[in-house]
Amino acid sequence: MSLPESMSRVVVVGTKSRMEEAIEAFYSVRALHLIDHTSGTDNMSIGTPMPTNQKAAERLLKVRAMEKELGIGEKTETARVSVGEIKSQISSGSVESIEAEVLKVLDVRSDLNQRITELNAKKKSLELLTPIPVDLELYRGYKSLAVIVGSVKEDPSEALKTLADSEAFVSYKKKEGGVAAVFVRAGDKDKATSILSEYGLVEIQVPEGKGPVSEAVVLASEGLADLSAKLESVEKEAEALQMKHKAVLRASEEELSIEIEKGEVPLRIAVGEYSYIMDAWVPTSKVQYVSTELESRLGNDVHVEFEETRGRNLHEEEKAEERFKKVPTKNNNGAIAKEFEYATSLVSTPKYQEIDPSILIMFFLPLFFGFMIGDCGYAIPFIILGAYGLKVTHHKDWRAIATVLFFGGIWAFLFGFFFFGEALGMHFIGHWEPPLHMTWEGLLGVHMPDWFGALMVNGHGVSKLGEEVGMLLKLTIYIGIIHIFIGYMCGFLNIRRQHNNKHAFFEKGGWIITFVGMVVLCYALTQMLFSKLPLEGTLLYILAAGAAMLLVGLVVNFKTEGIMAILELPGIVGMILSYARLAAIGMSKAGMAMAFNYIAFGMIMGMGDAVVWPSIGMLILGLVLFAGLHLVVWTLGILSAGLHALRLQFVELMTKFFAGGGIKYEPLKVKRIRTILTQAETNKEV
Amino acid sequence: MVLEGDVGTGLIAIGAGLAVGLTGLGAGMGEKDVGAAAVGAITEDPGIFGKAMIFMVIPETIVIFGLVIAIMAIFVMV
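Residue numbers (the working numbering), protein chains in the order written: chain D, 9 to 694; chain V, 168 to 245.
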């Protein structure tokens with residue numbers, strides 16, 4: 009069974025003077041999973057970042073700021089730039105020169121934006137003042153006069169009449185509110201303000217200017233139009249800059265990020281005055297390669313020392329030094345099983361010492377999905393959609409879904425044709441007796457050849473909604489028993505590998521015996537209760553054997569787990585019955601499909617006991633409805649069959665053996681999206 | 168409308184309906200609380216989807232029991 013790849017621990021020692029070159033080499037072998045250095049011993053302590061890092065960080069900050077201002081985001085499509093070119097551009101100061109160019113435009117843009125905002129505010133104040141017949145220059149420049157100007161919520165005209173020696177201009181409209189300009193003696197200013205504030209005064213600053221307000225408004229509008237035109241041309245310039253520099257900026261960002269990441273490696277390893285020491289996990293199969301590769305590139309300035317190949321027994325982990333205890337998990341799966349690692353990762357990363365469930369999920373998830381769908385008509389779109397998804401998408405979530413749809417679709421076709429013998433809720437073979445028995449043979453008025461029917465179970469397939477439901481139910485229960493048994497066996501193997509046979513027997517063996525005992529006992533009981541067989545002869549022996557195994561298993565479990573062992577006993581029956589959902593989901597789909605077929609053919613097209621094709625109008629209406637309603641069943645199928653199939657893996661299967669909580673294997677390597685290595689560089693780097 | 172069949176068949180049908188319906192209600196009430204908590208937890212950390220789903224579907228088994236009883240009532244017991 010598939011265990012994560014075997015890992016070995018190595019120590020890499022080298023001279024400090026060539027550390028930068030060494031880090032490049034570490035990244036190029038793509039196999040070293042660093043073990044962080046924790047404490048200082050023998051004059052070795054955690055190192056400091058590479059001296060070039062500070063400059064790179066500054067540049068990265070500039071690049072990101074420019075990208076933000078120019079609207080270059082994750083999704084901006086750009087051409088890929090070769091690494092050598094972008095490196096030479098960065099070192100020749102391209103970031104700084106682009107910054108100068110971009111800042112020039114951006115400064116103008118922000119200046120224009122600010123002026124537009126100011127002018128807009130001025131225009132707004134002026135528009136408020138338009139109803140008052142006072143020229144702008146008359147609002148200011150007095151020594152003994154105070155001027156209060158503002159908007160009011162209610163009409164203050166009456167109240168203002170109480171002020172002596174004053175001139176008040178009020179314009180008020182009931183719905184919109186109004187504006188008031190009051191000229192009073194300087195000494196009366198507080199009094200006037202207090203009167204006005206009762207009417208909801210909000211003072212406004214009168215903009216500077218001369219002449220009538222309405223003229224000033226026109227001037228402001230013209231100014232705004234002018235500024236907007238300028239802004240538009242600057243925006244165009246900015247856009248041109250974006251087009252011109254986006255490739256270089258994105259590539260610089262990527263290159264600088266990589267440079268910084270590499271520059272921070274010394275922070276994770278031990279560095280002394282003249283040398284460095286690095287601990288790392290390497291897949292056992294690659295130790296030789298790593299060692300030869302590093303030594304060929306750095307000669308005598310590096311030495312790779314093999315320390316240990318970690319076994320799966322937990323004793324080895326207990327003996328190890330704290331930071332060497334956990335071994336990273338590198339999944340060891342083939343191309344197809346790899347797509348199902350995502351499903352496993354939804355629960356947890358497998359531990360180094362345990363079986364990776366991905367391969368079991370690869371087999372059972374599509375199988376269960378296909379069994380629940382069990383219909384040729386739905387299977388074909390699933391296969392097409394899955395194949396298309398696998399072809400176009402690279403995102404791991406979508407790929408996982410597409411894989412399930414593709415393989416699940418194939419299983420659904422196999423089950424749908426050979427086992428259930430139906431498409432779109434109708435059997436291929438049989439008489440036309442709506443609503444319960446609607447068949448393709450009856451609908452199309454043809455007789456399928458005998459060999460066609462002979463391909464199917466019972467000559468016409470199993471009906472999901474008839475007398476055969478009892479058989480389907482039994483079948484799903486048997487599937488469940490096998491599935492759970494595999495889970496228990498994996499659990500046993502895990503414990504055996506991590507500890508020993510004795511441990512495995514007490515921890516999982518007891519449960520296996522209990523499980524088998526319970527299955528045998530339940531078999532005998534169902535024969536007795538449902539099939540009404542008398543309890544004698546073989547059946548009695550079976551019952552006794554089941555009870556005995558149950559008892560033995562219980563004793564073993566009781567010794568390890570105490571009272572919990574008894575409490576968990578009914579759970580076994582629950583788990584097995586849980587697989588009845590395989591039949592149940594299929595039945596619900598078939599029931600819906602049958603009802604929809606009857607609606608389309610029986611009700612809309614008016615087909616009764618005999619198939620009579622209706623007029624063209626009703627035929628089209630019926631077919632459109634037929635397609636639409638089946639699309640509903642199909643869509644629901646993805647959700648219900650997909651989720652239930654996944655649940656059976658997560659809950660019923662994986663809880664039997666899967667602990668999870670492992671560390672993901674993440675070797676030092678870089679992923680380039682925006683930059684590309686030329687052939688010569690590739691040879692140098694890898 | 169005249170009903171066909173005997174009272175016993177009718178009672179079996181009602182029993183089967185009750186078995187699925189009531190267990191469905193029960194499972195729904197159980198999943199309500201777990202589901203709300205699970206959605207909250209996944210919002211905080213999408214990485215725990217699988218674990219949340221395991222807890223989420225635990226009450227669901229009850230409705231399968233109801234379904235098994237219903238199928239047995241209709242097809243096996245008759």
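Ideal Cβ placement from N, Cα and C applies to all residues, glycine included.
Residue i versus residue j: straight-line alpha-carbon distance, rounded
i	j	result
V412 of chain D	W406 of chain D	10 Å
Q250 of chain D	L232 of chain D	26 Å
V694 of chain D	A420 of chain D	Residue placement at V694 of chain D is poorly supported in this model, since its pLDDT is 42, which falls under 50; the coordinates are not used for a value here.
V465 of chain D	G488 of chain D	21 Å
Y360 of chain D	S14 of chain D	8 Å
L239 of chain D	A189 of chain D	35 Å
E216 of chain D	V110 of chain D	35 Å
S586 of chain D	G461 of chain D	33 Å
I277 of chain D	M286 of chain D	5 Å
T201 of chain D	V155 of chain D	10 Å
F414 of chain D	Y396 of chain D	9 Å
G616 of chain D	I238 of chain V	29 Å
G92 of chain D	L685 of chain D	8 Å
F372 of chain D	Q657 of chain D	8 Å
S236 of chain D	L69 of chain D	31 Å
M602 of chain D	F423 of chain D	18 Å
Y673 of chain D	G385 of chain D	42 Å
V21 of chain D	A30 of chain D	10 Å
K183 of chain D	D173 of chain D	30 Å
P139 of chain D	K244 of chain D	39 Å
T176 of chain V	G478 of chain D	18 Å
I681 of chain D	L40 of chain D	22 Å
Under the three-state DSSP convention, the category residue i falls into
i	result
A87 of chain D	coil
P12 of chain D	coil
R17 of chain D	strand
A278 of chain D	strand
D287 of chain D	strand
A180 of chain V	helix
E243 of chain D	helix
G217 of chain D	coil
H435 of chain D	strand
L42 of chain D	strand
M168 of chain V	The pLDDT assigned to M168 of chain V is 46, lower than 50, so where the model puts this residue is not dependable; a value taken from the coordinates is nonetheless given after this. In this structure, M168 of chain V counts as coil in the three-state DSSP scheme.
Cutoff 9 Å: residue i Cβ touching any chain D Cβ
i	result
G197 of chain V	no
V235 of chain V	yes
M168 of chain V	Per-residue confidence for M168 of chain V stands at a pLDDT of 46, beneath the threshold of 50, marking its modelled position as unreliable; no derived number is given.
E227 of chain V	yes
I231 of chain V	yes
A186 of chain V	no
V174 of chain V	no
V224 of chain V	yes
I179 of chain V	no
G182 of chain V	no
Close-in-space but distant-in-sequence residues of the same chain around residue i (CB under 7 Å, 5 per side omitted)
i	result
V524 of chain D	M557
L541 of chain D	Q535 and L547
G208 of chain D	V160, K161 and E162
L234 of chain V	V187
V335 of chain D	M15, W289, R318 and Y360
Bridge partner(s) assigned by DSSP for residue i
i	result
L153 of chain D	D:R193
T337 of chain D	D:K672
S159 of chain D	D:V187 and D:V210
A649 of chain D	Bridge partners of A649 of chain D: none, in fact.
CB contact check: residue i to chain V, cutoff 9 Å
i	result
T683 of chain D	no
L451 of chain D	no
L585 of chain D	yes
R407 of chain D	no
V18 of chain D	no
T401 of chain D	no
S471 of chain D	no
Own chain, CB closer than 6 Å to residue i, minus 5 neighbours either side, in chain order
i	result
T352 of chain D	P365 and S366
T86 of chain D	K254, A255 and R258
M662 of chain D	P365
Contacts around residue i, its chain only, beta-carbon distance under 8 Å, and the 5 residues preceding and following it disregarded
i	result
A64 of chain D	L264, E267, I268 and G271
T447 of chain D	M434, H435, F436, I437, G438, H439 and W440
E281 of chain D	K24 and N51
Cutoff 9 Å: residue i Cβ touching any chain C Cβ
i	result
V201 of chain V	The structure shown contains no chain C; its protein chains are D and V.
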